[in-house]
Amino acid sequence: MAQASPATGQRLRNFVIVLVAIFLGLSIYIGSGSQNNPATLAYQAENSTPWAEAQTNGKPTLLEFYANWCSSCRAMAADLGTLKQDFRERVNFVMLNVDNDKWLPEMLKYNVDGIPHFVFLNPQAEAVGMAIGQQPLKIMTKNLTALVNGQSLEFNQALGETSALKANLGPKTDDPRSHGGLPSS
């Protein structure tokens, strides 16, 4: 049996090092690109319309209350990216993170007790409908189409799978939809 020369062993070692470097490089590239991926929640939040602008620019608005830890919010990110592509010229897409105390007045105003929590606002920034929890793309599309056309929302007050809101916004209630937050009316 022939023994490998030291040069052959060195080449094999160098080859393995090159493969590992390529693998690590690709992993870093793919990992860093995920923040710029329209299908991620972080990208959607970073590229949303500022709340102050949405209240005054005369366009209807889809207001989403979300959190980075919310699995239902993350699951809907790709669909929201699609909706933004289809409606971006006609609708404001605003995202308010419920973990930021700055949005507590809005959370109380719109009775946010589970997330994702969507509020559909007309061009005068008045609430005309809502949806709570994970929603199918078809329902969100129909609601946004109606919103843009000034029509009643077909799926007003739609309910889907939610993540419980971790903030304590008020007195406890026995209502299972409250998730320990505000009492339902």
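Counted the way the UniProt record's numbering counts, the sequence shown spans residues 1 to 185.
Ideal placement from N, C-alpha and C gives every residue a C-beta, glycine not left out.
Bear in mind the structure is a predicted one, so any value in this text is a computation, not a measurement.
Query: Rounded straight-line distance, which links the Cα of ALA52 to that of THR82; Result: 24 Å
Query: For GLY129, the nearest candidate out of VAL148, PRO6, MET107, PHE155 (CA to CA); Result: PHE155
Query: CA nearest to the CA of ALA42, picked from GLY114, ALA78, ALA21; Result: ALA78
Query: Coarse secondary structure for GLU64, derived from DSSP in three states; Result: strand
Query: Cβ shell of TRP103 (< 6 Å), same chain only, five flanking positions each side left out; Result: LEU96
Query: Close-in-space but distant-in-sequence residues of the same chain around SER185 (CB under 7 Å, 5 per side omitted); Result: Any answer about SER185 is weak, because its pLDDT of 39 lies below 50 and its placement is not dependable; what the coordinates show is given next. There are no such residues.
Query: Candidates VAL98, GLU106, GLN124, PHE87, of which the one nearest LEU144 by Cα; Result: PHE87
Query: Which listed residue (MET140, THR56, PRO116, SER152) has its alpha carbon closest to that of VAL98; Result: PRO116
Query: Exposure of LEU80, with buried meaning 16 or more beta-carbon neighbours within 10 Å; Result: buried
Query: Anticipated Cβ contact below 8 Å, ILE132 with GLY150, distance rounded; Result: So it is not a contact: roughly 23 Å between Cβ atoms.
Query: Segments assigned alpha helix (DSSP H), at least 4 residues, entirely inside the segment 112-162; Result: 137-148
Query: Straight-line gap, ARG74 to VAL20 (C-alpha atoms, nearest Å); Result: 31 Å
Query: Own chain residues within Cβ distance below 6 Å of LEU147, not counting five before or after; Result: PRO60, PHE120
Query: DSSP three-state assignment for VAL94, whether helix, strand or coil; Result: strand
Query: Among GLU89, VAL18, ALA67, SER5, nearest to MET107 - alpha-carbon criterion; Result: ALA67
Query: Reduced DSSP category for ASN14 - H, G, I as helix; E, B as strand; rest coil; Result: helix
Query: Boundaries of the alpha helix (DSSP H) in which TYR110 is found, first to last residue; Result: Element bounds for TYR110: n/a, residue is neither H nor E.
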